[in-house]
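See below for the structure under consideration.
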Amino acid sequence: MAVAEALAAAGLVAILAGAVGAAMGCSLRASLTPQSAGAALLGLAGLWVLVSGERVGAGFHSVLRPAFGIDPLSGFFLVLIAAVGAPAAVFARDALTDGAQGRSLALATGFFLLVLVGFVCARDPSTLLGLWELMTLVPAGAILVARQDREARHGVFVYLAITHIGGAGVWVAVLVLAGHGALGGHALGGGMAVFVACMSLLGFCTKAGLMPLHSWLPRAHPLAPAHISALMSGVMIKLALYGLVRVLFDWLAPPGLWVGIVLIATGWLSCLGGVLYALMQHDLKRLLAFHSIENVGIVALGLGASLVFRDVGESTWSAIAFAAALLHALNHALFKGLLFLGAGAFAKAVGGLELDRLGGLLRRMPWTGATFALGAIAISGLPPLNGFVSEWLTLQSLLHLGVGPHLGVSMVGALATAGLAASAALAVYCFVKVIGLVLLGLPRREECAEAREVPIGMRASMAFLAAACVLLGVLPGLLIPALASLGPEHATLGSSPGVNVPGTGSLPTLSITVVLTLLVALLARLAGVRRTAVSPTWICGQLTPAGLAWTSAGFTKPLRLVLGGLLRPRRDARVLASAGVTQAVAYRAEVPHLFDTLLYEPLSRRALRAAAVARRLQSGSLRAYLGYLLALLALLLALARLELLG
Amino acid sequence: MTGAVISGLIASSLAVLVVRRRSSAVVLVAVQSFVLGLYALTQHPRTSAALAVTGAIVIVKALLLPALLLLTVRRAPKERPIATELPALTRLMIPLALALALERMIPRFGFTSAGVEHTAVAMLALGVLTAVVRRAVIFQALGFLVAENGIYLAGLSLAGGLPVFIEMGLVFDLVVVVSVAAAFAAKIHERLGSGDSSLLEALHD
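For the record, the sequence lines run as chains A and B.
In this text, residue positions in the first sequence follow numbering that gives the first Met the number 0: the first is 0, and each later residue adds one.
In this text, residue positions in the second sequence follow numbering that gives the first Met the number 0: the first is 0, and each later residue adds one.
This is the structure:
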């Protein structure tokens, strides 16, 4: 184990050195390169532990004494952190501008990486909870360093408010578990297990951005600098799922079928809700943020299915569903990291990321455009990339859930399967829109027409992530057995380059890749020999101005019309006329976020009303405060007299 | 401690609740503090350092702080009547009932003299209740002095008494509280023509 320890120690020292360098005023290159190397070394340490199955450092314990260690599950999440963290740091090297703000962001990046690593390696409740809080606060600080406008401040406020309210559930769950010695001891069972399960679902699902607890995510993620967005969306929300896995699979005795079904239900809602709202967005980063909700929903579907399988006694399928969830978490980290970095590259080249004001970037930024397109294909769940494999594996798990002997479980499985299939189709629809509006077509503004490719460091980091998406799409079988062994039943799956799942006919990913590659090559060759006459688009003899090109809203209008009753779109068209002649037409349309208007806004109004009532108690009068004190004392004494207090 | 002294301590604490004149209340509390100081000096043989501390406490509580409060009263002689003050009988009966209830509910501390224990608890409760029911800042400061006298009496009843540094700490706190209250009373009288602390409640945002 000396190798893993040495790699981890070297990685931590490198990240720390990079962060200290940033604080001391070193250049971005000098501070972010060691951070990237450190993240990579930590990823190697994690991979070593994951493959060997051994443990490094301390084990979990319930005493409030700081301790760190790596077990195979932590090792997997270290790989996940490194897979996004290392390229993100390289990207930031060229994306940030050298100066006080850039150095502060480099420092925040290093600190964020350390916190993320520390959270998955924490082995006691105090360190775990402390780093949990820092994991929320550090990106908030990074956002405020990058932007100080009103929108950013409000977004950070909402992010901190919701994640802290939800985070209370994490504190309660972990402290109760520690109080019962369940961290590293016997799993907690009985009625208290139900309570802890509820609290952990509330806390971890809020941070993971699962619907309906997701409201902070589409506000906060787009505000951050691109590489921080990649870390938040690719890694941070996955670590919330890591916490959930620890509690539900390791520290709690099976609390019942309902936990798995609740996870499947939230996953289902997040899948469909996330992709539907992503389709309605007009800003690229906000669209990507909603897709994070969708993909976290897919991971939740896998975890929920694993819990249900465990409860109905299907241990192999429980492990398969668990592996599907972890694999999708890693895959999403890769392609979402890639997409956020791509969005950052576009933003650096052309300014804003409003979908209706982009276009034609593939030709002008071929490296960025190509890797971004690859990420879009991966997130759409299309073969032969990694998103397809993990969604296929999740779909197989849900299908198997649907054909089980228990009617209720079968119905849940069938509904979840339908939901996942629908979300996959809608994701394709959404990214056809993104590729069409961002990469293809004509540039819709001058900055797009003059866009130039970003520096080599940014391109290299995106190329690395794109290559990882291809690799995990072609050879997922190298990882799946190791992930299945982390599951609740430690099942052993056969090793093969593709996906070898019992009773499904398996998925020969390598063969699919070869066939698709040959097919694409053939089509390209055929297209190459065909003679094409290039001429302007025919549109009544006029040139095609940008205003007449497809818009984001226009592309999704069919879906908006079909789902009008659900999405409740608003539109406001005003014709400004003078003397009977139309002078101007003002048109405004939006799809309100129904979770905000129907859930969070009424809740927030009631909370403010309750706060106004509670504020009356704070009269500012010393006499009143003394009165409260005496009343409390009298109440406690009375309770003690009645023997209602210990 | 004799029954007469105990009665005197309780009576003076109750009197602070009802008397109208601020200077009368200050004198009552000063006397109460002086009696307690004398009682402390007559306790078990103590070291010269402990005697010095007790003497200092008597000087501060029975002389300096009452003098400061009297000075404050003298500098604001034309006190406007406090219209919202509860009637004297109500000011007496409500705290008395509450103090009795609290005294009944508090479990025994185990002092050798039950009478002293009841008196200490009653003085503490009456002192805090004085600060609750009286609106003038001077009376509220006197309430704290009465409450502290209750704590002091309890400390005297402990075997070996309170450690010297705790006694000094308590007196220091009291000096700070009463000094701030006196300054506060002078200031609001200067601005509002009254020492009624409830007038300030309308000032908060």
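For glycine and all other residues, C-beta sits at the position ideal for the given N, C-alpha and C.
Practice item. Could you check which residue in A:LEU471, A:VAL114, A:ILE142 has the C-alpha nearest to that of SER495 (chain A)? Key: The option with the nearest alpha carbon to SER495 (chain A) is A:LEU471.
Review point. To the nearest whole angstrom, what separates the beta carbons of PHE59 (chain A) and LEU182 (chain A), a pair I think is in contact under 8 Å?
Key: Yes, they are in contact, since the Cβ atoms of PHE59 (chain A) and LEU182 (chain A) sit about 5 Å apart, within 8 Å.
Exercise for review: Run down chain B in chain order and give the residues with a C-beta less than 7 Å from the C-beta of ARG640 (chain A).
Suggested key: From the beta-carbon of ARG640 (chain A), the residues of chain B found nearer than 7 Å are MET104.
**Study point:** Coil, strand or helix - GLY374 (chain A) by DSSP
**Key:** GLY374 (chain A): helix per DSSP, three-state reduction.
Exercise for review: Ignore the nearest five residues each way along the sequence and tell me which others in LEU79 (chain A)'s own chain have a CB closer than 7 Å to its CB.
Suggested key: For LEU79 (chain A), where only same-chain residues beyond five positions count, the Cβ hits under 7 Å are VAL234, LYS237, ALA328, LEU329, ALA332.
Check your understanding: Would you report the Cα separation of TRP549 (chain A) and LEU436 (chain A), rounded to the nearest angstrom?
Key -> Approximately 8 Å between the Cα atoms of the pair.
Check your understanding: At a CB-CB cut-off below 8 Å, which residues of chain B make contact with ARG622 (chain A)?
Key -> Those within 8 Å of ARG622 (chain A) in chain B are ALA130, VAL131, VAL132, ARG134, GLN139, SER196, SER197.
Check your understanding: Using the rule of at least 16 other Cβ atoms within 10 Å of the residue's Cβ for burial, across every protein chain shown, is ILE165 (chain B) buried or exposed?
Key -> Classification of ILE165 (chain B): exposed, given that the 10 Å Cβ count is below 16.
Exercise for review: Using the DSSP secondary-structure output, state which residues sit across from LEU575 (chain A) in a beta bridge.
Suggested key: The partner list for LEU575 (chain A) (beta bridge, DSSP) reads A:ALA583.
**Study point:** Given SER232 (chain A) as reference, the closest of A:SER291, A:ARG218, A:MET191, A:PHE248 once Cα atoms are compared
**Key:** That would be A:SER291, whose Cα lies nearest to the Cα of SER232 (chain A).
Exercise for review: Starting from the Cα of PRO382 (chain A), find the closest Cα among A:VAL513, A:ILE227, A:LEU547, A:ALA609 and give me that residue.
Suggested key: That would be A:VAL513, whose Cα lies nearest to the Cα of PRO382 (chain A).
Check your understanding: Which chain A residues sit within Cβ distance under 9 Å of HIS13 (chain B)?
Key -> According to the sequence shown, residue 13 (chain B) is Leu rather than His. Those within 9 Å of LEU13 (chain B) in chain A number zero; the least Cβ separation is about 17 Å.
Point to revise | Counterpart residues of GLY56 (chain A) in DSSP-defined beta bridges | key: According to DSSP, which records beta bridges pairwise, GLY56 (chain A) is partnered with A:GLY68.
Practice item. Answer with yes or no whether the minimum CB distance from VAL127 (chain B) to chain A is below 7 Å. Key: Interface residue, yes.
Review point. If you follow the alpha helix (DSSP H) that LYS60 (chain B) is part of, which residue opens it and which one closes it?
Key: Going by DSSP, LYS60 (chain B) is part of no alpha helix (DSSP H) at all; its letter is neither H nor E.
Exercise for review: Could you round the C-beta distance between SER11 (chain B) and GLN31 (chain B) to whole angstroms and report it? I think they count as a contact, below 8 Å.
Suggested key: Taking a contact as a CB-CB distance under 8 Å, the pair SER11 (chain B) and GLN31 (chain B) counts as one, their CB atoms being some 4 Å apart.
Practice item. Compute the Euclidean distance between the alpha carbons of ILE150 (chain B) and ARG107 (chain B), then round it to the nearest angstrom. Key: Roughly 15 Å separates the two Cα atoms.
Check your understanding: With burial defined as no fewer than 16 other Cβ atoms inside 10 Å of the residue's Cβ, what is the status of ALA61 (chain B): buried or exposed?
Key -> Classification of ALA61 (chain B): buried, given that the 10 Å Cβ count is 16 or more.
Check your understanding: Ends of the alpha helix (DSSP H) at ASN330 (chain A)?
Key -> First-last of the alpha helix (DSSP H) with ASN330 (chain A): 314-349.
Review point. If you draw a straight line from the alpha carbon of VAL498 (chain A) to that of HIS399 (chain A), how long is it in whole angstroms?
Key: As the crow flies, the alpha-carbon of VAL498 (chain A) is around 16 Å from that of HIS399 (chain A).
Check your understanding: LEU113 (chain A): which of A:ALA372, A:LEU287, A:LEU40 sits nearest, CA to CA?
Key -> Checking every option, the nearest Cα to that of LEU113 (chain A) belongs to A:LEU40.
Review point. Hey, is the stretch 517-530 of chain A in contact with the stretch 546-566 of chain A, meaning 3+ C-beta pairs nearer than 8 Å?
Key: With the cut-off at 8 Å, the stretch 517-530 of chain A and the stretch 546-566 of chain A do not touch.
Review point. Mind checking whether SER196 (chain B) and ARG134 (chain B) have CB atoms under 7 Å apart?
Key: With respect to the 7 Å criterion, SER196 (chain B) and ARG134 (chain B) are classified as neighbours on the basis of their beta carbons.
Check your understanding: How many whole angstroms separate the CB atoms of VAL177 (chain B) and LEU144 (chain B), which I take to be in contact at a CB cut-off of 8 Å?
Key -> Right, the Cβ-Cβ distance comes to about 7 Å (below 8 Å), so this counts as a contact.
**Study point:** Candidates B:ARG103, B:THR71, B:GLU189, of which the one nearest ALA121 (chain B) by Cα
**Key:** Nearest option by C-alpha distance: B:ARG103.
Review point. So the alpha helix (DSSP H) MET410 (chain A) belongs to, where does it begin and stop?
Key: Following the DSSP letters along the chain, one finds MET410 (chain A) inside the alpha helix (DSSP H) bounded by residues 406-433.
Practice item. Select from B:GLY168, B:ALA158, B:LEU27, B:VAL4 the residue whose C-alpha is nearest the C-alpha of GLY126 (chain B). Key: It is B:LEU27.
Practice item. Determine contact between the stretch 240-247 of chain A and the stretch 352-362 of chain A, defined as no fewer than three beta-carbon pairs at a distance below 8 Å. Key: The way I'd put it, the stretch 240-247 of chain A doesn't touch the stretch 352-362 of chain A; fewer than three beta-carbon pairs between them come closer than 8 Å.
Point to revise | Under the three-state DSSP convention, the category ASP355 (chain A) falls into | key: Reduced to three states, the DSSP call for ASP355 (chain A) is helix.
Review point. With 16 other CB atoms within 10 Å as the buried threshold, where does THR118 (chain B) fall?
Key: Burial of THR118 (chain B) is indicated by the presence of at least 16 other C-beta atoms within 10 angstroms of its C-beta.
Exercise for review: Step through the CB atoms of chain B and report whether any lies within less than 7 Å of the CB of GLY435 (chain A).
Suggested key: Cβ-Cβ to chain B under 7 Å: no for GLY435 (chain A).
Practice item. Return the residues of the stretch 86-119 of chain B that lie within a Cβ-Cβ distance of less than 8 Å from chain A, sorted by chain order. Key: Cβ contacts with chain A: LEU97, ALA100, LEU101, MET104, ILE105, PRO106.
Review point. In angstroms, rounded to a whole number, what distance separates the CA positions of ALA124 (chain B) and GLU150 (chain A)?
Key: Looking at the two C-alpha atoms, the distance is approximately 53 Å.
Review point. Run through DSSP, which three-state label would GLU452 (chain A) get?
Key: Shown here, GLU452 (chain A) sits in coil according to DSSP, grouped into three states, outside any helix or strand.
Exercise for review: In angstroms with no decimal places, state the Cα-to-Cα distance between LEU589 (chain A) and HIS220 (chain A).
Suggested key: Note on identity: in this sequence residue 589 (chain A) is Glu, with Leu being the wrong assignment. Cα to Cα, the separation comes out at about 21 Å.
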